[in-house]
């Protein structure tokens, strides 16, 4: 059930459409269209009474009653509120909607009848009948006939009641009285009728008018019964509450969160019906309040379900409220630069709210696909497509939000202002890039620590999320695109198209053209004032970057002639197998490995290039061996060779990926399939080898053209992608599947390589803070530090590397970092050390003080340090023991 605190969230923000106390229970004023429709329907009813249907088609208990017609539900509610409605539901007491519709067509087909109502060409103007079948399994109980008549959307349906049989969970629909029909509706304010025969309002629940005046939404029957009959009514009531600014009755509110109702909503209602209702909600007057309902009633996982059936991470909605509150604030503040820049119209406002609803799923880590399997779409896209049946424009937007998230965050964090870098990024992101930037902001709000509880942070040290800081960063980012005039860069046309470029260079078209056209577009962005093609061509021909693009297919090196590069490793293995690997067995093994090691250490660049054809099969064969010690030796040899390998040689021969593939296989040699000591050896050798290959294949050289200082460091850079893969697959993944508490020696080795990888990533390390900070601070707070000081030391070195390279965002994570350091300090203090030995921890405490001092200096550099000093003061009041660390 819902607590009183939760109910307080849903107090009405009612928008009065008219003076509700002026309502009467006798009449509703009709406009000309409605009056004409009423006259037509009553004339059809009289026509039917004069020529009644066969007796067997009319229920016995209703045969003697006059044919009575009523406008029902939402039309009555809206008219009483002074709102116009173009959707009219007509309730019929003793005919089905389809029977009445056929007689309506029959009446209009008679000569002269259509003209009475201004319907010339009756069948065309009156509209054809569309019959919508009932589907009780999906809680669609009514057979409905819909038609457009006199410009109004008219639904024809019989009044009904529901009966249950002992062998079915679905109700049987039967003709019912007006009162029985009213009691089966979703809300009392939707259960009133306007009787066409008497021109009066009928309130059979005896609560509809008073609830409309009171701004209250409640169910005519017990809420459990109403919601169980059609669980979609949960969303409908939320929609009406948000549209009208009404509050929902406490009793109904409690049952909306009932596990039975949530389960029925998940399983019984078609996804198409859920999307239709959700779309109306998000296009409505107060979508923020609707998301608040979803959040506090625990409906998020019910509506936004994982359709894959896979064991993936559950979205964390603990801080979701910060997301929809922030979006509401941005859209409400008309003077705000960011909100007005992102959202220009109602459609974009709707899509912005869609992004907010999907933000928890956007942050979910993607599961690794099985080996050889096709990469699946992001889980957030699957949720939108399969669980909601959202249209393509929505799923395409969510896909782009996920795909471009890290690049957007990186460019924003680094305050990139290079016109070509930002412009090329916007061209990649496409026309919806503003909404993608909004998504990145909402993701950061959701993930920012301090708005959620942390098991390491005491209550006095927990801070609330400060929206203005993040919003300022994103406003500065989007303002830069406006000032540079590149907000519409995705529409920019190149001065030279592919055909013109091919003719100008007298070179046949080929794969080279894509890179060339990208260089052309970047040049245009750097030189917006130039429109002369000749000037462009002259500049390109003098460009070293343009010269580096090969316009002819790469020829394989002589030693691989006739061998496809993808099969080079397999071929070398086959040759070695033919002689049974003689180098692996005594007496050859006694001298082969030492000699090969000496050779690789003695190589220079000229020798490597000269003997490349002999080295490659040998190295790949050793790397692909099944023996872990041999593979580890191969990784060491690769490090030696890469140290003197020219970058151009590795790129030209296209062998970098072959080395990386073999080395990444070595990283999968994890416990328990591989003993921990062997895993430690092979992984400890493979990570430096992967980094060595990456450094040669994607050298960290400054850009050739100084006008593009940020181009090399974009997330589209192959170097950054390669280093990101190394961090995720080489370090974070093994740590996630092999817990440090179970395999501490392996964790020490993995964390030992973390600083080197982060130093290579430099500022791009910021995108990994979400995974790194909880991991490292979790180790520091673990009592295991007392038994494994080497692990603690490695974690502190990793934390230092995080602060060194991800400096722009360290201030955001200061709470978690300080809490982890403090927890570790307490663990190694004399009072808390079970052994009573304090001398052995002196170096560790010194390291803790140093890391905390670095944190303090970083925070003071990036922001007003007074707030952090106040937090430290509060922390010391809660834990006086930390004085030795912070002072």
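Numbering (the UniProt record's numbering), first residue to last: 1 to 887.
For each residue, glycine too, the CB sits at the ideal point set by N, CA and C.
Query	Result
Residue range of the unbroken beta strand (DSSP E) whose run includes residue 493	Run containing residue 493: none; DSSP gives neither H nor E here.
Reduced DSSP secondary structure (H/G/I, E/B, other) of residue 314	coil
Beta-carbon proximity check, residue 793 vs residue 688, cutoff 8 Å	no
Alpha helix (DSSP H) segments (min. 4 residues) lying fully within the stretch 784 to 814	789 to 805 and 807 to 810
Environment of residue 83 [buried if 16+ CB atoms lie within 10 Å]	exposed
Beta-carbon proximity check, residue 826 vs residue 877, cutoff 8 Å	no
Rounded C-alpha distance that separates residue 259 from residue 809	40 Å
Assigned exposure category for residue 768 - 16 Cβ within 10 Å defines buried	buried
Backbone secondary structure at residue 125 - three-state DSSP	Annotation note: pLDDT 45 at residue 125 (below 50); position unreliable, coordinate value reported separately. Reduced to three states, the DSSP call for residue 125 is helix.
Whole-number beta carbon distance between residue 644 and residue 605, since they are thought to touch under 8 Å	5 Å
Whole-number beta carbon distance between residue 69 and residue 92, since they are thought to touch under 8 Å	6 Å
Nearest neighbour of residue 383, chosen from 495, 155 and 315 [CA to CA]	315
Given residue 313 as reference, the closest of 761, 155, 504 and 378 once Cα atoms are compared	378
Beta-carbon spacing of residue 597, residue 632 below 8 Å	no
Residue 204 to residue 220 span [Cα, whole Å]	10 Å
Whole-Å CB distance - residue 192 paired with residue 273, under 8 Å assumed	Their Cβ separation, rounded to whole angstroms, is 24 Å, which puts residue 192 and residue 273 out of contact at 8 Å.
Beta-carbon proximity list for residue 339, same chain, < 7 Å, skipping 5 on both sides	330, 331 and 333
CB-CB length for residue 362 against residue 401, believed under 8 Å	6 Å
Exposure of residue 901, with buried meaning 16 or more beta-carbon neighbours within 10 Å	Past the edges of the chain, shown from 1 to 887, lies residue 901, and the structure says nothing about it.
Beta-carbon proximity check, residue 637 vs residue 619, cutoff 8 Å	yes
Beta-bridge partners of residue 152, as assigned by DSSP	149
Residue 202, enclosing beta strand (DSSP E) - first and last residue	200 to 202
When 243, 867 and 301 are compared against residue 279, the one with the closest alpha-carbon	243
Helix, strand or coil at residue 269 [DSSP, three-state]	coil
Rounded separation between residue 473 and residue 668 - CA only	39 Å
Element boundaries [alpha helix (DSSP H), containing residue 652]	647 to 653
Rounded separation between residue 393 and residue 504 - CA only	39 Å
Cβ contact (3+ pairs, closer than 8 Å) linking the stretch 261 to 271 and the stretch 285 to 296	no
Own chain partners of residue 822 with C-beta closer than 6 Å, once the 5 adjacent residues on each side are dropped	882
Residue from 286, 302, 308 and 389 whose Cα sits closest to the Cα of residue 350	286
Proximity winner among 117, 509 and 98, relative to residue 33 (alpha-carbon distances)	117
Cutoff 7 Å; reference residue 194; Cβ partners in own chain excluding five residues on either side	28, 70, 71, 76 and 201
Closest by C-alpha distance to residue 416, when choosing among 635, 245 and 480	480
Reference residue 671; option with closest CA among 737, 722, 641 and 343	737
Check whether residue 249 and residue 216 have beta carbons under 8 Å apart	yes
Any 3 or more C-beta pairs closer than 8 Å across the stretch 206 to 215 and the stretch 173 to 191	yes
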